[in-house]
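Quick notes on the structure that follows.
What follows is the structure, given as structure tokens:
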């Protein structure tokens, strides 16, 4: 065993190299370590921004106690019907829908950055490139309906809805028409129910 006074020179040099290595590692920016290829892609596409706005990821409707009471009664009626007709899967499904829906309604929407660039439309951490978009349409019926709807080529999620909030829909339309065609869309049954039921 070597005492510190008699420690070989090679050991001191090796220890110095190790300390310098860890010192350099600690000085590395934390963000650099966390950046993923997806983050870098968003940063790259987000450099050439045409339009930019911020807002909640979805429209929030005010709901009073009456709304919650009616929703509870409807769910209770459906679950009761499922039990009477010996449909346990249906009953469990709507119970879970009620629980998940309640949790979702209690959560505040995230505030996202929305950008229209020369490469695509960015919503938060997602980018929808023009090559993957068939067309677009703007549903504009203030004060509640202000949605940019992208018809994507994806089969799982064919339509992507982006809230435009207080932005000028005419300006958004004019810029998007430079890259993708405008094709009229009809509100889906789900969209209509969301608007009527304020969900």
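Residue numbers (the numbering used here): 76 to 274. We put the CB at the ideal spot given by N, CA and C, even for glycine.
Contact between the stretch 219-239 and the stretch 189-200: three or more CB pairs below 8 Å?
-> In this structure the stretch 219-239 lies against the stretch 189-200, because at least three pairs of beta carbons, one per stretch, are closer than 8 Å.
Exposed or buried, which one is residue 218 when buried takes at least 16 other CB atoms within 10 Å?
-> The count along the chain shown starts at 1 and reaches residue 218 at position 143. Classification for residue 218: exposed.
Pairing CB atoms from the stretch 154-168 with CB atoms from the stretch 225-244, are three or more of them under 8 Å?
-> Look at the beta carbons and you see the stretch 154-168 not touching the stretch 225-244: under three pairs across the two are nearer than 8 Å.
For residue 150, collect the residues of the same chain with a Cβ closer than 7 Å to its Cβ; drop the 5 residues on either side in sequence, then sort them by chain order.
-> Mapped onto the chain shown, residue 150 falls at position 75. Here residue 150 has 169, 173 as same chain residues with Cβ atoms under 7 Å from its own Cβ, once five neighbours each way along the sequence are excluded.
Evaluate residue 99 with the Cβ neighbour count: other Cβ atoms within 10 Å of its Cβ, from every protein chain shown; 16 or more gives buried, anything less gives exposed.
-> Locating residue 99 in the chain shown gives position 24, where the first residue counts as 1. Bear in mind that the predicted position of residue 99 carries a pLDDT of just 49, short of 50, making it unreliable; the figure below should be weighed with that in mind. Residue burial is scored here from C-beta neighbours: residue 99 has fewer than 16 other C-beta atoms within 10 angstroms and is therefore classed as exposed.
Taking residue 202 as the reference, which of 237, 183, 175, 182 has the closest Cα?
-> Mapped onto the chain shown, residue 202 falls at position 127. Its Cα nearest to that of residue 202, the residue 237 stands out among 237, 183, 175, 182.
Just to confirm, are residue 244 and residue 213 a CB contact at a threshold of 7 Å?
-> Your numbering for residue 244 matches position 169 in the chain shown. Your numbering for residue 213 matches position 138 in the chain shown. Judged by beta-carbon spacing, residue 213 lies within the 7 Å limit of residue 244, meaning their Cβ atoms are closer than that value.
Exposed unless 16 or more other CB atoms sit within 10 angstroms - verdict on residue 251 = For the purposes of this step, residue 251 is taken as residue 176 along the chain shown, with counting starting at 1. It is buried - the Cβ of residue 251 has at least 16 other Cβ atoms within 10 Å.
What residues are listed by DSSP as bridge partners for residue 236?
-> Start at 1 with the first residue of the chain shown, and residue 236 comes out as number 161. Under DSSP, the beta-bridge partners assigned to residue 236 are 224.
Whole-angstrom Cβ separation of residue 186 and residue 233, contact assumed at under 8 Å?
-> The count along the chain shown starts at 1 and reaches residue 186 at position 111. The count along the chain shown starts at 1 and reaches residue 233 at position 158. Wrong, their Cβ atoms sit about 26 Å apart, outside the cutoff.
Residue 213: first and last residue of the uninterrupted beta strand (DSSP E) it sits in | Taking the chain shown and counting its residues from 1, one reaches residue 213 at position 138. First-last of the beta strand (DSSP E) with residue 213: 208-216.
Just how far apart, CA to CA, sit residue 166 and residue 241?
-> For this step, residue 166 is matched to residue 91 along the chain shown. For this step, residue 241 is matched to residue 166 along the chain shown. Just so you know, the alpha carbons of residue 166 and residue 241 end up roughly 41 Å apart.
Please say whether residue 145 and residue 191 have beta carbons closer to each other than 7 Å?
-> One-based indexing of the chain shown puts residue 191 at position 116. One-based indexing of the chain shown puts residue 145 at position 70. For residue 191 and residue 145, no; Cβs fall outside 7 Å.
Counting along the chain, where does the alpha helix (DSSP H) carrying residue 151 start and finish?
-> Within the chain shown, numbered from 1, the residue matching residue 151 stands at position 76. Residue 151 -> alpha helix (DSSP H) spans 140-159.
Check whether the Cβ atoms of residue 239 and residue 221 lie closer than 7 Å to each other.
-> Locating residue 239 in the chain shown gives position 164, where the first residue counts as 1. Locating residue 221 in the chain shown gives position 146, where the first residue counts as 1. Yes.
Within 7 Å, strictly: CB atoms of residue 143 and residue 184 | Numbered from its first residue, the chain shown carries residue 143 at position 68. Numbered from its first residue, the chain shown carries residue 184 at position 109. By the CB criterion at 7 Å, residue 143 and residue 184 fall outside the cutoff.
Should residue 129 and residue 206 be called a contact, given that it needs their Cβ atoms to be closer than 7 Å?
-> Taking the chain shown and counting its residues from 1, one reaches residue 129 at position 54. Taking the chain shown and counting its residues from 1, one reaches residue 206 at position 131. Between residue 129 and residue 206, the gap from beta carbon to beta carbon reaches 7 Å or more.
Whose CA, out of 176, 208, 261, 229, lies closest to the CA of residue 254?
-> Locating residue 254 in the chain shown gives position 179, counting from the first residue. Nearest option by C-alpha distance: 208.
Between residue 257 and residue 210, which are expected to be in contact by the criterion C-beta below 8 Å, what is the C-beta distance as a whole number of angstroms?
-> Here residue 257 is taken as the residue at index 182 of the chain shown, counted from 1. Here residue 210 is taken as the residue at index 135 of the chain shown, counted from 1. Residue 257 to residue 210, Cβ: 6 Å. Contact.
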